[in-house]
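These notes concern the structure reproduced below.
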Amino acid sequence: MASHISSPAGLRIMHLCDDMERVAGTELTHITAAVRESLEPPKLAIVGRVKAGKSTLVNALIGAKVAPTNDAECTRIVTWYRYGMPDSAELVLRDGTVRPVQFAGALPEDLGVPLDSVSHAVVYLQAAALQDYTLIDTPGLSTTTRENDEATRRAILGGEAARQADAIIYVFKKIEKADDISFMTAFREASGGSADAAEAIGVLSNADRFGAGAWGPRDPISVAAETADQIGTEHAAHVSAVIPIAGRMGEAARTGEVRESDAAVLAGLAHLDDDDARDLEDGILDIPDMDAAAISRVVTMFRGYGLRHGRTIARDGAAALTAWLLERSGMAALEGALRSRYVGSHPHRSIANAVAALADAARTSPHRSALGELLNAARLDPALHVIRELEARERLAARFPDDELLVMLDTLMQQKTDRARLGLGRSASDHDVLVRARECLGDARGRAALAGSPELAEANRVMVRSYQLIADRYHDAANR
Ligand SMILES: Nc1nc2c(ncn2[C@@H]2O[C@H](COP(=O)(O)OP(=O)(O)OP(=O)(O)O)[C@@H](O)[C@H]2O)c(=O)[nH]1
Ligand SMILES: [Mg+2]
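This note's numbering numbers the first residue of the sequence shown as 33 and each following residue consecutively.
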């Protein structure tokens, strides 16, 4: 199976589990299995009625067109998108067997087994978003094919899966229907009603076609925002928020579909008034001196909203047009909401909990001294320094909730590169990183010496090591 843990700390814990199993045999496997599972990113299931725009949203979040989308009913099996390399896929059958399946940018049309024998597919991709959460794309509810509807209910509500999905992204299309609400209620019940498992966030899709549509008198995205607020207020018991999304625009932006030539063609249509632009979309206007195939590609890509509002922006080129699509699509708002609700400090807390659980198990084991050595070595490993940062942060926050060191510790823990941890830009040289790390180290050492409380002293001592570890990483590189 492809490895799906991406953080150095997560990988270090996986190795620790391997090492402890080697020493203690099967005695510890129930603990190590639970620990391994706790390190996995939260699983978010995207559910909703057929053709609501679920797979389009999955692609927009992943930043690649991997989930098939179509105007006809399209997603046939529940598909998990997980972080992993190399890009690959496997089928998990209902009898529990797992078999590899070819993956060349998409799952094959013919899976080689009857569809009804498949529980779900798992696709491994190296996409940054999947480091934070696993996405589960599902066939539409209330579909014309009963089997698909049942497959979704079984996957999301039945036995295993309701517990496996940590939260759902519920995609409403237009106004919510009674079915939508009953499905969310069923999910909440199937997950045992526990607050964590029953989380749901709503997405109101097709925002670019709301109200009277892209060519109507009001901006459809504003109309969608109002409707999203109404649904959110009315169904606050079921969804924590409802966010309006133009998923197709988000998908085009995030997957880098817009070429410089597309921007040029769209900009070439800027002189048309809205009526003519609309006629062009409806195929009843020809523009003789422009390439018909290029126009057709652009009209299909920017259907409606982009064609009406994007033509002037297109003059600034593909990058500007992509940034505009992204902004109008609402994707950033959705990603922010997912991050704050489901990612947060989760990785560090689960790392700390994992070590605590393994230490507990080791204490009562006949192999405790050998296991204790493995644990100690792991605790001293730079990859797990983040646990010390988290513990120092929690102790400090309990006593001084507004202390400015908390922000510095958060930056150290949450940023993914050393440059960002030090507040430096991406263009900073290795030498700059080394100099800055040493400055920060000196400051932290000074504060530790003068600290007026044990919590402050400890937080600063932990930060001394944090900056020392960064300096060590850059010492050789900077002197080369
Ligand atoms: N204009 C517009 N079209 C969208 C949007 N989201 C999806 N679409 C289009 O709607 C069609 C259906 O989208 P899908 O993502 O396949 O819908 P789905 O919910 O996954 O459908 P099933 O898997 O069959 O249930 C596709 O042609 C998409 O391009 C959107 O926000 N705006
Ligand atoms: Mg789909």
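We treat Cβ as the ideally placed atom computed from N, Cα and C, and that holds for glycine.
Checklist entry - If you pair each beta-carbon of the stretch 388 to 396 with each one of the stretch 319 to 333, do three or more pairs fall below 8 Å? => result Between the stretch 388 to 396 and the stretch 319 to 333 there are fewer than three C-beta pairs closer than 8 Å, too few to call the two in contact.
Next on the checklist: Between residue 111 and ligand 1, is there a pair consisting of the residue's CB and a ligand heavy atom that are separated by less than 7 Å?
Outcome noted: Position 79 of the sequence shown, counted from the start, is the residue given in the question as residue 111. Not under cutoff, so the answer is no.
Checklist entry - Which runs of the alpha helix (DSSP H), 4 residues or longer, sit entirely within the stretch 284 to 340? => result 292 to 299, 306 to 313, 324 to 334
Checklist entry - Taking all protein chains shown into account, do 16 or more other C-beta atoms lie within 10 angstroms of the C-beta of residue 231, making it buried, or fewer, making it exposed? => result Walking along the sequence shown from the start, residue 231 turns up at place 199. Answer is buried; the Cβ neighbour count reaches 16.
Checklist entry - Sorry if obvious, but does the Cβ on residue 171 come closer than 7 Å to a heavy atom of ligand 1? => result Residue mapping note: residue 171 aligns to position 139 of the sequence shown, counting from 1. For ligand 1, at least one heavy atom lies less than 7 Å from the Cβ of residue 171.
Next on the checklist: Just to confirm, is the Cβ distance from residue 42 to residue 71 under 8 Å?
Outcome noted: Here residue 42 corresponds to residue number 10 of the sequence shown, with the count starting at 1. Here residue 71 corresponds to residue number 39 of the sequence shown, with the count starting at 1. Cβ distance < 8 Å, so residue 42 and residue 71 count as in contact.
Checklist entry - Going straight from the alpha carbon of residue 340 to that of residue 309, what length do you get? => result Here residue 340 is taken as the residue at index 308 of the sequence shown, counted from 1. Here residue 309 is taken as the residue at index 277 of the sequence shown, counted from 1. Rounded to the nearest angstrom, the two C-alpha atoms are 7 Å apart.
Checklist entry - Are the Cβ atoms of residue 422 and residue 381 separated by less than 8 Å? => result Mapped onto the sequence shown, residue 422 falls at position 390. Mapped onto the sequence shown, residue 381 falls at position 349. In contact: residue 422 and residue 381 (Cβ atoms closer than 8 Å).
Checklist entry - What are the complete beta strand (DSSP E) segments, minimum 3 residues, inside the stretch 133 to 162? => result Contiguous beta strand (DSSP E) elements confined to the stretch 133 to 162 occur at 150 to 157, taking only those with 3 or more residues.
Checklist entry - Can you round the beta-carbon distance between residue 502 and residue 454 to whole angstroms, since I take them to be within the 8 Å contact cut? => result On the sequence shown, position 470 is the one that residue 502 refers to. On the sequence shown, position 422 is the one that residue 454 refers to. Correct: roughly 7 Å between the Cβ atoms.
Next on the checklist: DSSP has residue 114 in a bridge; who is on the other side?
Outcome noted: Taking the first residue of the sequence shown as position 1, residue 114 is located at position 82. According to DSSP, which records beta bridges pairwise, residue 114 is partnered with 156.
Checklist entry - Quick one: any contact between the stretch 117 to 126 and the stretch 140 to 159, if contact means 3 or more CB pairs under 8 Å? => result yes
Checklist entry - Distance, Cα to Cα, residue 129 vs residue 152? => result Counting from one through the sequence shown, the residue named residue 129 turns up at place 97. Counting from one through the sequence shown, the residue named residue 152 turns up at place 120. So the alpha carbons of these two residues sit roughly 11 Å apart.
Checklist entry - Do residue 349 and residue 258 have their CB atoms nearer than 8 Å? => result In the sequence shown, counting from the first residue as 1, residue 349 sits at position 317. In the sequence shown, counting from the first residue as 1, residue 258 sits at position 226. The answer is no: Cβ separation not under 8 Å.
Next on the checklist: Quick check on the burial criterion: 16 or more other C-beta atoms within 10 angstroms. Buried or exposed for residue 443?
Outcome noted: Mapped onto the sequence shown, residue 443 falls at position 411. By the 10 Å Cβ count, residue 443 comes out exposed.
Next on the checklist: Can you determine whether any heavy atom of ligand 1 sits closer than 7 Å to the C-beta of residue 85, and answer yes or no?
Outcome noted: Looking up residue 85 in the sequence shown gives position 53. Result yes, Cβ under 7 Å from ligand 1.
Item to check | Secondary structure of residue 452, DSSP reduced to three states | outcome: Your numbering for residue 452 matches position 420 in the sequence shown. Helix at residue 452.
Item to check | Contact under 8 Å by Cβ, residue 576 with residue 92 | outcome: This structure cannot settle anything about residue 576, because the visible part of the chain is limited to 33 through 512.
Item to check | the stretch 158 to 168 in contact with the stretch 101 to 117 per 3-pair CB rule at 8 Å | outcome: yes
Next on the checklist: For ligand 1, is there any heavy atom lying closer than 7 Å to the beta carbon of residue 107?
Outcome noted: As a working note, residue 107 is residue 75 in the sequence shown. Yes.
Item to check | the stretch 269 to 278 in contact with the stretch 232 to 239 per 3-pair CB rule at 8 Å | outcome: Of all C-beta pairs linking the stretch 269 to 278 to the stretch 232 to 239, three or more are shorter than 8 Å, placing the two stretches in contact.
Checklist entry - For the beta strand (DSSP E) that residue 401 lies in, which residues bound it at each end? => result Here residue 401 refers to the residue found at position 369 when the sequence shown is read from its first residue. Where residue 401 is concerned, there is no enclosing beta strand (DSSP E), although the alpha helix (DSSP H) it sits in stretches over 400 to 412.
Next on the checklist: Below 8 Å, how does it come out for the stretch 467 to 477 and the stretch 491 to 498: are there three or more Cβ pairs, yes or no?
Outcome noted: yes
Checklist entry - What residues are listed by DSSP as bridge partners for residue 200? => result Translated into the one-based positions of the sequence shown, residue 200 becomes position 168. The partner list for residue 200 (beta bridge, DSSP) reads 77, 232.
Checklist entry - Between residue 280 and residue 64, which are expected to be in contact by the criterion C-beta below 8 Å, what is the C-beta distance as a whole number of angstroms? => result The residue labelled residue 280 in the question sits at position 248 within the sequence shown. The residue labelled residue 64 in the question sits at position 32 within the sequence shown. The Cβ separation is near 44 Å, so there is no contact.
Checklist entry - Where residue 96 and residue 132 are concerned, what is the direct C-alpha to C-alpha distance, given to the nearest angstrom? => result Within the sequence shown, the letter at position 64 stands for residue 96. Within the sequence shown, the letter at position 100 stands for residue 132. For residue 96 and residue 132, the distance between alpha carbons rounds to 21 Å.
Item to check | Option in 81, 78, 52 with minimal Cα separation from residue 67 | outcome: Here residue 67 is taken as the residue at index 35 of the sequence shown, counted from 1. Cα-wise, what sits closest to residue 67 is 52.
Next on the checklist: On a Cα-Cα basis, can you pick out the residue from 401, 368, 289 that is closest to residue 351?
Outcome noted: On the sequence shown, position 319 is the one that residue 351 refers to. Taking only the C-alpha atoms, the option nearest residue 351 is 289.
Checklist entry - Is the distance from the Cβ of residue 456 to the Cβ of residue 506 below 8 Å? => result Locating residue 456 in the sequence shown gives position 424, counting from the first residue. Locating residue 506 in the sequence shown gives position 474, counting from the first residue. No.
Item to check | Closest residue to residue 366 among 430, 482, 312, 260 (Cα-Cα distance) | outcome: Taking the sequence shown and counting its residues from 1, one reaches residue 366 at position 334. Comparing Cα-Cα distances from residue 366 to each of 430, 482, 312, 260, the minimum goes to 260.
Checklist entry - DSSP on residue 397, reduced to helix/strand/coil? => result In the sequence shown, counting from the first residue as 1, residue 397 sits at position 365. DSSP places residue 397 in coil when its eight states are reduced to three.
Item to check | Spatial neighbours of residue 345 in its chain, beta-carbon cut-off 8 Å, leaving aside the 5 residues before and after | outcome: The residue labelled residue 345 in the question sits at position 313 within the sequence shown. Hits under 8 Å: 352, 353, 356.
Next on the checklist: Using CA atoms only, rank isn't needed, just tell me which of 104, 326, 374, 424 is closest to residue 384.
Outcome noted: Within the sequence shown, residue 384 is the residue found at index 352, counting from 1. When 104, 326, 374, 424 are compared, the shortest CA-CA separation from residue 384 is found for 424.
Checklist entry - Using DSSP with H/G/I as helix, E/B as strand and the rest coil, what is residue 120? => result Position 88 of the sequence shown, counting from 1, holds the residue named residue 120. Note: residue 120 maps to strand in three-state DSSP.
Checklist entry - On the three-state DSSP scale, how would you describe residue 486? => result Within the sequence shown, numbered from 1, the residue matching residue 486 stands at position 454. Helix, per DSSP.
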